[in-house]
């Protein structure tokens, strides 16, 4: 059940600060479903302790769970007394489970499943018995003033409007998770029983047999009269309790209006804070409930809190399972146990424990000089990060590399700036300080040296030297003292963290300063060194294969970290807003911390902050460049995530200009799915590959798949601003566009995968640079339009080309550069079936090109070819044939018989012949085209398949022999579509449609319907309602259904 987040795994009983007590198995079982991870180790218990303990972690806390041997205060008192002997460091007790509830409290109606958190407990069986009866004594109670400060502040914060809203959101979230976990284990008892089952009877209406029965219930007329044992154990249904005595509740009515499909809203519990009454008895009397609630001002009744009265700071978390009346049953107990467990986890998410101060931070003035000389040295300039979550897999890898050998070892943690390398190292440092020992039992020394510069390295060494015994110093340089002392066995076990080792020359030296800082690092079989760096080259040179990559957080980790960092969780808003923000930030820890800092200071909602981040790049970078205070980071370091990257960009400019040029180029295209073949190679292939390696090494690029890269969205935003402000000479918008135009060659069949990958990047660069003031931008836009039309991206092509034409038309009607965009827009209109618009544009383009270029120029012929196709779609077959016959003749003369353009025009002419009823000419020409395309392009080329499809349509209109050919050809096309998993492709659906119509024409209506039903289903899946292909297939299917109906009626009549 581990979600990847949580505290350090405990190694002793004193590591547990929180205990959770459950009185019933149903409470314990529900709670266990929300434990993030169980610790399998047997932590043992003190002699005489009879408790059964379950150890695990909930959120960021190690907890020990106790299931009482029985209900009541005696069992609770015994369990807590034993626990305090075994688990001596417990700071907080949580009593979690179910209780009886008063029908209303300070927040209004209390329903079954609602949560009561007791901030004061009253003992109502505490008193004296006199001859005339029992009299309650005034008990001191246990109120919130006795709670420790962190709990008092926590409960106060939760009770604010914002805090309560967020608290209830999280309870609902955990409740759904618990139910999902239970469902996966085939457990359904925690499901919401339904608002219709929440029945509150009037206080004066007793639970008993209400119909005539041979028992004492018929003599029960007053509250003091007894009822039979059978009635006590029976349900209200079995006793025939009259539902007219049920009290209407506004909240129940509202829940019932939600309907069964909104069960998550219906089951959402309300939280009530108030006094709880505790006694060693079960209350099953509505009148006593009402009297006690008035007298003691309580809102719930339970049985265990009285057992550890004033023992330790504690919180009672109970969920209402009945109304403490005679009608109570166990039906709501599992669901109530689930809501209580969910509330427990939600409260722990907000509870920040107070760690005891480690003893090693104090100097024992009574210790001998010899003992002090060999004491562990701990120099960590940063505080422990109490908000640290997750990263357990990374920590385990580092521990495996560093501590599982009896020899000197090094490891490197490498990742993009802002991924939390320092925080992971900090967590590891504090963890090992507490648990690592040498053979003599001495604790591990932990040394922390920032490698930001020579100055920070020397300062850290000076801090360490002050703790080294005097006899080891002997007037040497601080760096040398640290190296020599920790290279000896007398120093014991040690861990050294070399943080921010980003500068290769600084670490390893260079020609003018050989050696670098590496020469001052100690080496001992008892020691190990962890380096954190952004540069993969530094990581590999330092640690060889002991390199761990640190990437973004998982969504659960990121959400937990986000929520733990907020001052008021009530600010958060809905869960979906949080997830959207974390996805935008790509779950980068430093970016999340910066976002939270902004929200905490400015008190904006998640949605408002996200809208700011989704604005223009300069607003984005302004937000991401804001400093914020963080005690777990260096004062002199860049806390703003954008600034950490901008500094790295500047360094790359100095050390690898080709990589800087690539970075600038990528800022003009999309950050995801970047093909290597789209990137400018520079002077040499080796230089280019080295530059790619630099960007990969810094984490600015990640390998998505072979020859494709991704860039982090936030890095891309920072690179965009950096390029425009500081890097315009070697790469600017014009140069980027020129390069893309030089490699984007248009829709060639053999390089389809390549130009498909280029389209989003080309659209990005054209959109950002929408001033078509040179030939390259016009050519590039037209090529993209052609590719989009081939891929069926018609609407997008139309939109882009309309913008292009609107710009180029400003140059004048007869400007030569205007004609290609117009031609491509007309083609897009043709594909989009806007034939009148296409006709209007093309007639003008043809006229201008004939005047400027001549009638036989290829550009003129190309426009005539498209115009003829438009005429054909408009039913102007004679005009289309006239143009196409001339086009074919010219192309045969200028391009040759086997040129793709010539063959394509012949195919178009044959189609016009068919539509004009000239079937013999159509058949002869298409058979010729099919033979040519099969020879020139091969049997699997899509152009050949299109011609075969057209020929089949001609055959279908011929004699019986031709019909047979049509069947054969269409079946081959359909089989090929099935083999290539292309049966949702419009072309293959058209083939299937034609095959169905052939079956229908041959009176094989059953087969025809079967095929056409599939076509209609696919058309409905991929086409809008008004698409002509979908309309046609649906209309034909209706016609076939009617034909089947008529046939069936004739058949029935014949019988």
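Numbering (full-length UniProt numbering), first residue to last: 1 to 1055. All C-beta atoms in this analysis are idealised placements derived from N, C-alpha and C, irrespective of residue type, glycine included.
- Excluding its 5 nearest sequence neighbours in each direction, residue 531 has C-beta neighbours in its own chain below 6 angstroms: 412, 498, 501 and 542, listed in chain order.
- By the Cβ neighbour-count rule, residue 567 is exposed, with fewer than 16 other Cβ atoms within 10 Å of its own.
- Setting aside the 5 residues that flank it on each side, residue 671 is surrounded in the same chain by 710, 711, 712, 713, 715 and 716, each with a C-beta closer than 8 angstroms to its C-beta; the list follows chain order.
- For residue 589, the number of other beta carbons within 10 angstroms of its own is at least 16, and it is reported as buried.
- If you check the CB distance, residue 252 and residue 198 come in under 8 angstroms.
- Close CB contacts of residue 192 within its chain, under the 7 angstroms cut and outside five residues either way in sequence, are with 263, 266, 267 and 335 (chain order).
- Here the segment 302 to 321 makes no contact with the segment 284 to 291; the two share fewer than three CB pairs at distances below 8 angstroms.
- Taking a 10 Å sphere around the C-beta of residue 969, we find 16 or more other C-beta atoms and assign the residue as buried.
- Closest in C-alpha terms to residue 806, from the list 818, 952, 19 and 956, comes 818.
- When the beta-carbon positions are compared, residue 777 and residue 737 come within less than 8 angstroms of each other.
- Straight through space, the alpha carbons of residue 208 and residue 223 are spaced by roughly 11 angstroms.
- Secondary structure at residue 101: strand, using DSSP grouped into helix, strand and coil.
- DSSP, read as helix, strand or coil, puts residue 321 in strand.
- The continuous alpha helix (DSSP H) containing residue 542 extends over residues 536 to 543.
- Checking the DSSP bridge columns, you'll see residue 499 partnered with 450.
- A straight-line Cα-Cα distance of about 12 angstroms links residue 171 and residue 179.
- With contact defined as three or more Cβ pairs closer than 8 angstroms, the segment 88 to 96 and the segment 14 to 34 are in contact.
- Going by DSSP, residue 183 is part of the alpha helix (DSSP H) stretching over 161 to 184.
- Taking a 10 Å sphere around the C-beta of residue 561, we find 16 or more other C-beta atoms and assign the residue as buried.
- The Cβ atoms of residue 837 and residue 872 do not sit closer than 8 angstroms to each other.
- Residue 187 sits in coil when the DSSP states are folded into three classes, being neither helix nor strand.
- For residue 117, DSSP records a beta bridge to 273 and 317.
- In the three-state scheme derived from DSSP, where H, G and I count as helix and E and B as strand, residue 35 is classed as coil.
- Assignment of residue 744 by DSSP, reduced to helix, strand and coil, places it in the coil class.
- Residue 300 has 101 and 276 as its beta-bridge partners, per DSSP.
- For residue 236, the enclosing alpha helix (DSSP H) stretches over residues 236 to 239.
- Our two residues, residue 85 and residue 276, have alpha carbons roughly 28 angstroms apart in a direct line.
- Taking all protein chains in view, the Cβ of residue 788 is crowded by 16 or more other Cβ atoms within 10 Å, so the residue is classified as buried.
- Nearest to residue 303 by alpha-carbon distance, out of 1006, 246 and 74, is 74.
- Rounded to the nearest whole angstrom, the CA to CA distance from residue 406 to residue 443 is 16 angstroms.
- Non-local C-beta neighbours of residue 722 in its own chain, meaning closer than 6 angstroms and more than five positions away in sequence, comprise 646 and 649, ordered along the chain.
- Residue state for residue 409 is assigned as strand, using DSSP reduced to three classes.
- Looking from the CA of residue 87, the closest CA among 77, 509, 63 and 686 belongs to 63.
- Residue 432 and residue 338 have their alpha carbons spaced roughly 37 angstroms apart.
- DSSP, reduced to helix, strand and coil, places residue 930 within a helical segment of the structure shown.
- Closest in alpha carbon position to residue 823, among 611, 613, 862 and 22, is 862.
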